[in-house]
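Below is one structure, written out as structure tokens; the observations come after it.
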Amino acid sequence: MLSHMISDLDARHFVHPWESMEDLGASGRMVTQRANGIYVIEGDGRPRIDGPGGMWCVQLGYGRQEIGEAMAYQAQEMAYFSPFSSTSPVSAQLAAAIAQRTPGDLNRVFFTTGGSTAVDTALRFVQFRNNLLGKPEKKIFITRQKAYHGSTYLSASVSGKERDRNWFDHADALVHFLPDVNPYRRPAGTSIEAFLEAKIADLEKAILSLGADHVAAFIAEPILASGGVIVPPEGYHRRCLEICRRHDVLYIADEVVTGFGRLGHWFASESVFGMVPDIITSAKGLTSGYAPLGACILSERLFEDISGDASQGAVFSNGFTYSGHPVSAAAALKNIEIIEREGVLEHVRALTPHFQKRLAALRALPLVGDTRGMGLMGCVECVADQSARDPLALDKVVGGLIDAHCRDLGLIVRPLLNMCVFSPPLIISHDEVDQMFDILEKGIRLTTDDLVRKGALVA
Ligand SMILES: Cc1ncc(COP(=O)(O)O)c(C=O)c1O
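Next up, the structure:
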């Protein structure tokens, strides 16, 4: 079918995530037909580097025949089983494979359909557990501004990206937001050390003012991904865990983005941030985007006082028709096998300094206010005025302009307002990292010229 015909069907029938009501029915979304390695091939037939790696998920790149074959085999052997009443070899093996790679005693895996449902499951489990423990009032979740945890009612309720909250209802009575943890946005004259202390104090003050008896859990992405790759100050997560422990508050690490190699490890919580949370949520890179799957991974300890003799006959009535779907599990098992066989985690660790060096070098450009990142994750934040750090004046326009220039030059950026975020397939090579940042730099320079020409920036 021709590209314009697909666009027409799409515009009339496909309601996309984050669909703009203003543009509803207007065609013009790019049609992506094929992809290979780190390249996506759009309607015009030109390969472009996939800067965002799908949606932070295509760890092994596109066109992996082995994963396709494993999925096809499983679909023919047994496409589906009911996880409510039976199990399947691949799903049970995958649960064990995940448990082997998680820190501490996080050995209980609840499969879901994606990241939102993994977060939702984590939050529901915490509520369920506290009810069983006779603490029905211990229900508040502490989360952070700029966090993104998903699109179910509960996971959206703990998400703190302001614009996404407009026009929706949320479970506000259950949620408390902590202020922004972005070091770039710290008050002028505040050192990183003082900022860290302030952020730790924010958490403890919140627990004390809400009352530890009312706070169930703290949920945090190790690096706030779609909030703009916000890397909190060194020691932040470890210190937050200490505070949580002190007040009997559970720690949920949302590793939907940071897990499965993005920071060079299966999970980042312990290997990168030196802490073992109570619950980890995972999705995306778990199958490298080849099939939908999520996992809520729980500490053994959380079950000790609510199971067996202590269970009171309770059933954790939460789950999905497709929990642990065999075809997705087959994709995930093959994904893990390839990551290990090809040394992808080692590759990410070896490539990280070069990736981060190229990213940091962009800070010299006048349009760039901040660059930040970790592992193969990065963000370039554009500002109208570097000293004022004002993102608002440029907002949507600047990201769109950079994206358009980069697409012409062979790179997909898919910006978030005034920010360009990067999480390319983990198999990207040293030279391809150079190509990616060369194009980005050129795209930013061309955008600067456009803005100067329009009078939006002073040369
Ligand atoms: C940190 C984090 N948690 C949860 C989610 C939700 O995952 P999904 O879109 O698979 O439901 C996302 C998605 O971007 C995410 O970045």
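Residue numbers (our numbering): 124 to 582. Note that beta-carbon positions come from the ideal geometry of N, C-alpha and C, so glycine has one too. Since the structure is predicted, the reported quantities are computational estimates derived from the model, not experimental observations.
Identity of the residue in the options nearest residue i by Cα
i, options, result
"L277", "L534, E465 and G238", "G238"
"H293", "F318, F264, R309 and G312", "F264"
"N305", "G312, A296 and F318", "F318"
"Q462", "D133, E189 and N289", "Contrary to the premise, residue 462 reads as Ile rather than Gln in this sequence. Residue E189 is the option with its Cα nearest to I462."
"G578", "P226, A507, A376 and N541", "A507"
"S446", "V536, M124, T210 and L580", "T210"
"K407", "P415, K261 and D401", "P415"
"V471", "S546, I342, L456 and V450", "S546"
"S314", "A339, S282 and E357", "E357"
"F233", "I535, E465, E423 and R464", "E423"
"Y185", "S143, Q156 and P212", "Q156"
"K322", "D287, T266 and D295", "T266"
"P212", "A452, R385 and H139", "A452"
"I161", "M153, V154, R171 and D167", "R171"
"D303", "W290, L326, G312 and D287", "L326"
"L409", "G431, R385, A343 and E344", "R385"
"E365", "A324, S332, V520 and T570", "A324"
"T235", "S214, G466 and E469", "S214"
"W389", "K258, A376 and T225", "T225"
"P133", "M124, Y307, G148 and S143", "In the sequence under discussion, the amino acid at residue 133 is Asp, which differs from the Pro named in the question. Answer by Cα proximity: G148."
Between the CA atoms of residue j and residue i - distance to the nearest angstrom
i, j, result
"A484", "A202", "49 Å"
"L229", "I129", "45 Å"
"I562", "R252", "50 Å"
"E555", "A527", "20 Å"
"E192", "A454", "9 Å"
"G387", "T475", "8 Å"
"D557", "L490", "20 Å"
"E378", "K328", "25 Å"
"E165", "S394", "37 Å"
"G151", "E316", "47 Å"
"R231", "A218", "8 Å"
"E145", "D531", "26 Å"
"P538", "V352", "12 Å"
"S126", "V138", "18 Å"
"I551", "L255", "47 Å"
"R481", "S274", "33 Å"
"E427", "S434", "9 Å"
"Q223", "I459", "12 Å"
"V181", "F560", "19 Å"
"S208", "C529", "50 Å"
"I342", "F396", "15 Å"
Sub-8 Å separation of residue i and residue j beta-carbons
i, j, result
"G429", "A437", "In the sequence as displayed, the identity of residue 429 is Ile instead of Gly. A contact, by the Cβ cut-off of 8 Å."
"L524", "D493", "no"
"Y374", "C367", "yes"
"H370", "V399", "no"
"I221", "I420", "yes"
"Y271", "A348", "yes"
"V372", "A340", "yes"
"Q197", "P449", "yes"
"R495", "C505", "no"
"L499", "L549", "yes"
"T444", "V242", "no"
"S411", "L183", "yes"
"D336", "K261", "yes"
"L540", "G522", "yes"
"K269", "G334", "no"
Where the beta strand (DSSP E) through residue i begins and ends
i, result
"I551", "Neither: I551 is in no beta strand (DSSP E) and is coded neither H nor E."
"D292", "Note, D292: premise wrong, no beta strand (DSSP E); not H, not E."
"Y162", "Y162 to E165"
"C180", "Run containing C180: none; DSSP gives neither H nor E here."
"N230", "L229 to T235"
"A343", "V338 to A343"
"Y374", "L373 to D377"
"V249", "Premise fails: V249 lies in the alpha helix (DSSP H), G238 to L255, not in any beta strand (DSSP E)."
"I353", "That residue, I353, is in no beta strand (DSSP E); it is neither H nor E in DSSP."
"E393", "Premise fails: E393 lies in the alpha helix (DSSP H), A391 to S394, not in any beta strand (DSSP E)."
"F318", "Unbroken run through F318 is the alpha helix (DSSP H), I315 to L333; no beta strand (DSSP E)."
"E504", "M500 to C505"
"P497", "The residue asked about is misnamed: residue 497 is Met in this sequence, not Pro. M497 -> beta strand (DSSP E) spans V491 to M497."
Bounding residues of the alpha helix (DSSP H) (the contiguous stretch that carries residue i)
i, result
"A222", "P212 to R224"
"Y276", "Y276 to S280"
"R472", "V467 to A484"
"P449", "P449 to R464"
"M588", "Lying outside 124 to 582, the shown extent of the chain, residue 588 is not represented and no answer is given."
"D428", "Counting along the chain, D428 falls outside any alpha helix (DSSP H), and DSSP gives it neither H nor E."
"L539", "Careful: L539 lies outside any alpha helix (DSSP H) and carries neither H nor E."
"A158", "Element bounds for A158: not the alpha helix (DSSP H) but the beta strand (DSSP E), T155 to N159."
"R267", "Per DSSP, R267 belongs to no alpha helix (DSSP H); it is in the beta strand (DSSP E), I263 to R267."
Residue i CB to nearest heavy atom of ligand 3 below 7 Å
i, result
"E344", "Of the ligands one can find in the structure shown, namely ligand 1, none is ligand 3."
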